[in-house]
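Undergrad: Please see the structure below; I have some questions.
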Amino acid sequence: MSGKLVIGNWKMNTRGDGARELAAALLADSATNREGVGIAAPAVYLSDLARQLAGGRLALAAQDVSRFAADGAYTGETSASMLADVGCRYTLVGHSERRQYFGEDNAALLAKMRNAAAAGVTPVLCVGETLAEREAGRHLAVIADQLAILTEIAGDGYVIAYEPVWAIGTGKVATLEQIAEIHAFIKNWCLQNTDGSDKIRVLYGGSVKAENAEAILATKNVDGALVGGASLDADSFRVICQAAGNMI
Ligand code: PGA
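The sequence shown begins at 16 in this note's numbering and counts up by one.
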């Protein structure tokens with residue numbers, strides 16, 4: 016495993032100028048303009064950012080990908096091969112906001128994972144339980160159910176992000192014990208149920224910030240971070256990426 020991976024998820028934020036400014040700040044900094052750092056920008060800005068990032072080392076990521084593989088009459092969709100065409104190295108798949116607001120289920124997410132991998136875009140499968148599920152003691156079962164699609168996928172060409180829904184954008188962070196427990200659970204699950212690879216990276220996401228990044232990234236089985244709000248601020252994102260870089 017080669018170092019920690021940090022991906023900034025800009026969600027539905029920024030406009031052209033702001034996106035370019037943020038990317039310029041990240042490009043100008045060796046803590047962020049390096050292997051192991053990526054930005055998941057809104058689809059409409061990806062090709063513009065790809066041109067800007069050309070020659071840099073910062074990876075471009077998409078926030079979602081179509082479940083339809085081939086070109087055709089799928090209004091509003093962006094295919095995996097379009098993402099590859101503009102130079103995306105990663106795409107998020109099944110972020111909890113997609114599951115919640117767009118009803119994405121395992122069947123759709125399996126298709127997205129397959130399409131991304133086939134196009135050479137590494138999928139980052141997001142999993143995580145809601146507060147109600149955790150309080151009912153169902154969190155491990157929920158996560159296992161979300162991971163189940165991985166049994167249908169050959170190889171280990173994907174990344175997993177554990178994002179407890181109750182910690183996303185709320186300022187509430189899972190405790191280091193909770194993070195360690197779930198990451199160990201995911202890694203063991205993968206060893207038992209996928210091609211048996213121990214190379215699968217598991218990122219943590221949910222209110223990762225400059226102040227808590229180091230402790231989270233140092234937690235056992237945490238191979239990186241998926242960062243929402245704090246990735247919109249170049250200084251905060253830089254501190255997080257620097258903490259990750261120091262642990263290579
Ligand atoms: P947050 O978002 O860092 O703002 O909590 C994380 C995510 O949704 O990926």
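All C-beta atoms in this analysis are idealised placements derived from N, C-alpha and C, irrespective of residue type, glycine included.
Is H198 near ligand 1, going by C-beta to nearest heavy atom under 7 Å?
TA: Within the sequence shown, numbered from 1, the residue matching residue 198 stands at position 183. Answer for H198: no, Cβ out of range of ligand 1.
Undergrad: Take the Cβ of M128 as the centre, count every other Cβ of all protein chains shown within 10 Å, and call the residue buried at 16 or more, exposed below.
TA: One-based indexing of the sequence shown puts residue 128 at position 113. Buried: at least 16 other Cβ atoms inside 10 Å.
Undergrad: Check whether the Cβ of G6 lies closer than 7 Å to any heavy atom of ligand 1, and answer yes or no.
TA: Because the chain spans 16 through 263 in this model, residue 6 falls outside it and cannot be assessed.
Undergrad: Between A122 and T93, what straight-line distance do the alpha-carbon atoms span, to the nearest angstrom?
TA: Position 107 of the sequence shown, counted from the start, is the residue given in the question as residue 122. Position 78 of the sequence shown, counted from the start, is the residue given in the question as residue 93. Each residue's Cα considered, the two are about 18 Å apart.
Undergrad: Residues in its own chain within less than 7 Å of A228 by CB, not counting five upstream and five downstream?
TA: Within the sequence shown, residue 228 is the residue found at index 213, counting from 1. A240, V254, I255 and A258, listed in sequence order.
Undergrad: Go through the stretch 118-197 residue by residue and report every complete run of the alpha helix (DSSP H) that reaches 4 residues or more, in order.
TA: Those alpha helix (DSSP H) runs which fall completely within the stretch 118-197 and span 4+ residues are 121-133, 146-150 and 154-162.
Undergrad: Hey, I201 and I175 are a contact pair by Cβ (cut 8 Å); roughly how many whole angstroms apart?
TA: Along the sequence shown, read from residue 1 onward, the residue named residue 201 stands at position 186. Along the sequence shown, read from residue 1 onward, the residue named residue 175 stands at position 160. That pair is a contact at about 6 Å.
Undergrad: For N208, which three-state DSSP category applies?
TA: One-based indexing of the sequence shown puts residue 208 at position 193. Three-state DSSP puts N208 in a helix.
Undergrad: Would you mind stating whether N130 and V59 have Cβ atoms separated by less than 8 Å?
TA: Start at 1 with the first residue of the sequence shown, and residue 130 comes out as number 115. Start at 1 with the first residue of the sequence shown, and residue 59 comes out as number 44. For N130 and V59, no; Cβs fall outside 8 Å.
Undergrad: CB L247 to CB N28, shorter than 8 Å?
TA: As a first step, residue 247 must be located in the sequence shown, where it is residue number 232. As a first step, residue 28 must be located in the sequence shown, where it is residue number 13. Yes, the pair counts as a contact, with Cβ atoms nearer than the cut-off.
Undergrad: Is the CB-CB distance between A225 and A195 below 8 Å?
TA: Along the sequence shown, one-based indexing puts residue 225 at 210. Along the sequence shown, one-based indexing puts residue 195 at 180. No, these two residues do not count as a Cβ contact at 8 Å.
Undergrad: Do G243 and K26 count as a contact pair if the criterion is CB distance below 8 Å?
TA: As a working mapping, residue 26 is identified with position 11 in the sequence shown. As a working mapping, residue 243 is identified with position 228 in the sequence shown. Yes; because the gap between Cβ atoms is below 8 Å, this pair is in contact.
Undergrad: Report the residue from D86, G70 and L75 whose alpha carbon sits nearest the alpha carbon of A56.
TA: Your numbering for residue 56 matches position 41 in the sequence shown. When only C-alpha atoms are compared, the closest one is L75.
Undergrad: Distance, Cα to Cα, I231 vs E144?
TA: In the sequence shown, the residue the question calls residue 231 occupies position 216. In the sequence shown, the residue the question calls residue 144 occupies position 129. Taking the straight line from one Cα to the other gives about 18 Å.
Undergrad: If distances are taken between C-alpha atoms only, which option among T137, L125 and V142 comes closest to Q115?
TA: Reading the sequence shown from its first residue, position 100 is the one you call residue 115. Nearest of T137, L125 and V142 to Q115, Cα basis: V142.
Undergrad: Under 7 Å from any heavy atom of ligand 1, does the C-beta of I183 make it?
TA: In the sequence shown, counting from the first residue as 1, residue 183 sits at position 168. Yes, the beta carbon of I183 sits closer than 7 Å to at least one heavy atom of ligand 1.
Undergrad: May I ask whether a heavy atom of ligand 1 can be found less than 7 Å away from the beta carbon of G244?
TA: Residue mapping note: residue 244 aligns to position 229 of the sequence shown, counting from 1. Yes, the Cβ of G244 comes within 7 Å of a heavy atom of ligand 1.
Undergrad: Do L124 and L73 have their beta-carbon atoms positioned less than 8 Å apart in this structure?
TA: As a working note, residue 73 is residue 58 in the sequence shown. As a working note, residue 124 is residue 109 in the sequence shown. Cβ distance not < 8 Å, so L73 and L124 don't count as in contact.
Undergrad: Rounded to a whole number of angstroms, what is the C-alpha to C-alpha distance between F117 and V180?
TA: Taking the first residue of the sequence shown as position 1, residue 117 is located at position 102. Taking the first residue of the sequence shown as position 1, residue 180 is located at position 165. Using only the alpha carbons, I get a separation of about 15 Å.
Undergrad: In the structure shown, what three-state DSSP assignment does L73 receive?
TA: Here residue 73 refers to the residue found at position 58 of the sequence shown. L73 falls in the coil class under three-state DSSP.
Undergrad: Any heavy atom of ligand 1 closer than 7 Å to the Cβ of S222?
TA: The residue given as residue 222 occupies position 207 in the sequence shown. Yes, the beta carbon of S222 sits closer than 7 Å to at least one heavy atom of ligand 1.
Undergrad: At which residues does the beta strand (DSSP E) containing A46 begin and terminate?
TA: Sequence index remark: in the sequence shown, residue 46 carries index 31 (1-based). Element bounds for A46: n/a, residue is neither H nor E.
Undergrad: Quick one: using the 10 Å Cβ neighbour count with 16 as the cut-off for buried, is T166 buried or exposed?
TA: As a position in the sequence shown, residue 166 is number 151, starting the count at 1. The residue is exposed, with fewer than 16 neighbouring Cβ atoms inside 10 Å.
Undergrad: Compute every distance between the C-beta of N24 and the non-hydrogen atoms of ligand 1, then say whether any falls below 7 Å.
TA: Within the sequence shown, residue 24 is the residue found at index 9, counting from 1. For ligand 1, at least one heavy atom lies less than 7 Å from the Cβ of N24.
Undergrad: For F83, I'd like the list of residues in its chain whose CB is within less than 8 Å of its CB, leaving aside the five on either flank, ordered along the chain.
TA: Residue mapping note: residue 83 aligns to position 68 of the sequence shown, counting from 1. Here the set comprises Y89, E92, S94, A126 and N130.
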